[in-house]
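Student: This is the structure I have questions about; it appears just below.
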Ligand code: UTP
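Residue numbers (my numbering): -3 to 288.
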């Protein structure tokens, strides 16, 4: 059976919801405690054996390439000043996986960004990890989806029940329970109006797709917001009985949203091996002085 060894990380969006932070710094590079968001995502992919990662970038995102490259001047400086373990930590970022880049020349939507990966993907199944969706947990979310792919051999989407206010900003799925946390996805709609909503299950940040998606994307018309929507293409798979959803475990943070960025920093800092305990004490003191 073909194992998933390739991943695509779309990171070419404009990040308008987190301006002005994302004006000169891609939102995927915004910090969570001591690492940019996209490093958590690459680490998640590497943890499940993915070896080749294509990051979809655009103008102004070359800082992503710098982050996953060696910085010989910095590494040499750290080694010469007795900070060898920090030098190793920094160097390891460049050696995690084979990281490739392609530019999405116009910001035409997530579906268009995924279509830019057609040549890289070739004829094997691949993972998609949205560049602004950080998911942390003991069992990597993309690994949970890979297991479902191996069992059902169809497209797989990561799903969660979200509140009424969020479902209209994400997507809504028509699902049928299959086995534990796995559901058959029968239909889906991107950013639904109230009358279009199927359920409160939305697609959140992770999918496994087969190359068939490219043929569908090539014939999909622009959808909500005039963008080529990945959901609209995946809908064709769902309606053909070719899609399951995994209600994945893990803490998910939307780095495309100001509140999401704050939650990520607070919650991940609380578990940080070096600063976690101090931060917890700081937070307890702070909370004592906060009134609702
Ligand atoms: P989003 O729709 O959340 O990103 O796409 P956005 O367009 O940057 O959001 P706004 O402007 O705040 O509303 C999810 C992921 O897909 C990427 C984004 O970078 C993000 O990681 N994306 C989106 C692309 O790579 N290309 C696109 O054309 C759109």
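No residue lacks a Cβ here, since even glycine has one placed at the ideal position from N, Cα and C.
1. Just checking, does the stretch 1 to 19 make contact with the stretch 50 to 58 on the three C-beta pairs under 8 angstroms criterion?
2. Under 8 angstroms, do residue 194 and residue 169 count as touching if we go by C-beta distance?
3. Collect the residues with a C-beta less than 5 angstroms away from any heavy atom of ligand 1 and give them in sequence order along the chain.
4. Taking the CB atoms as reference points, tell me whether residue 156 and residue 198 lie closer together than 8 angstroms.
5. I'd like the list of long-range same chain contacts for residue 240, defined as Cβ closer than 7 angstroms, with 5 residues on each side in sequence excluded.
6. Note down the Cα distance separating residue 92 from residue 258, rounded to an integer number of angstroms.
7. Would you kindly work out how many angstroms separate the C-alpha atoms of residue 268 and residue 129, rounded to a whole number?
8. Roughly how many angstroms separate the alpha carbons of residue 76 and residue 62, rounded to a whole number?
9. Less than 8 angstroms separating the beta-carbons of residue 260 and residue 34?
10. When you compare only the Cα positions, how much space is there between residue 243 and residue 101?
11. With a threshold of 16 other CB atoms inside 10 Å of the CB of residue 281, please say whether the residue is buried or exposed.
12. What would DSSP say about residue 289, mapped onto helix, strand or coil?
13. What residue range is occupied by the uninterrupted beta strand (DSSP E) comprising residue 68?
14. In terms of residues, what are the limits of the beta strand (DSSP E) holding residue 205?
15. In the DSSP assignment, find the beta strand (DSSP E) that holds residue 210 and state where it starts and stops.
16. Work out the CA separation of residue 64 and residue 80 for me, nearest whole Å.
17. In the DSSP assignment, what are the bridge partners of residue 53?
18. Using only the alpha-carbon positions, how far apart do residue 88 and residue 250 sit?
19. What would DSSP say about residue 228, mapped onto helix, strand or coil?
20. Would residue 106 and residue 226 be called neighbours here (beta carbons separated by less than 8 angstroms)?
21. What whole-angstrom Cβ distance do residue 49 and residue 38 have, given they're in contact under 8 angstroms?
22. Determine the contact status of residue -1 and residue 117, defining contact as a CB-CB distance below 8 angstroms.
23. Grouping DSSP H, G and I as helix and E and B as strand, with all else coil, what is residue 194?
24. Within 10 Å of its beta-carbon, does residue 140 have 16 or more other beta-carbons around it, so buried, or fewer, so exposed?
25. Going by the beta-carbon positions, is the gap between residue 187 and residue 220 smaller than 8 angstroms?
26. In whole angstroms, give me the CA-to-CA distance for residue 256 and residue 31.
27. Could you name the residues of the same chain whose beta carbon sits closer than 8 angstroms to that of residue 46, not counting the 5 residues immediately before and after it, in chain order?
Tutor: So, from the data block:
1. The way I'd put it, the stretch 1 to 19 does touch the stretch 50 to 58; three or more beta-carbon pairs between them come closer than 8 angstroms.
2. For residue 194 and residue 169, yes; Cβs fall inside 8 angstroms.
3. 6, 7, 8, 9, 10, 11, 12, 13, 52, 103, 105, 106, 109, 126, 127, 128, 252
4. Going by C-beta atoms, residue 156 is nearer than 8 angstroms to residue 198.
5. 144, 148, 150, 152, 174, 178, 179, 180, 181
6. So the two alpha carbons sit approximately 27 angstroms from each other.
7. Spanning the two alpha carbons is a distance of roughly 19 angstroms.
8. 22 angstroms
9. no
10. 34 angstroms
11. Exposed: under 16 other Cβ atoms inside 10 Å.
12. This structure cannot settle anything about residue 289, because the visible part of the chain is limited to -3 through 288.
13. Here residue 68 belongs to no beta strand (DSSP E); instead the alpha helix (DSSP H) covers 68 to 76.
14. Counting along the chain, residue 205 sits inside the beta strand (DSSP E) bounded by residues 197 to 205.
15. Here residue 210 belongs to no beta strand (DSSP E); instead the alpha helix (DSSP H) covers 208 to 214.
16. 19 angstroms
17. 99
18. Looking at the two C-alpha atoms, the distance is approximately 26 angstroms.
19. helix
20. Judged by beta-carbon spacing, residue 226 lies within the 8 angstroms limit of residue 106, meaning their Cβ atoms are closer than that value.
21. 6 angstroms
22. Not closer than 8 angstroms, so no.
23. coil
24. buried
25. yes
26. 16 angstroms
27. 0, 1, 2, 3, 93, 123, 138
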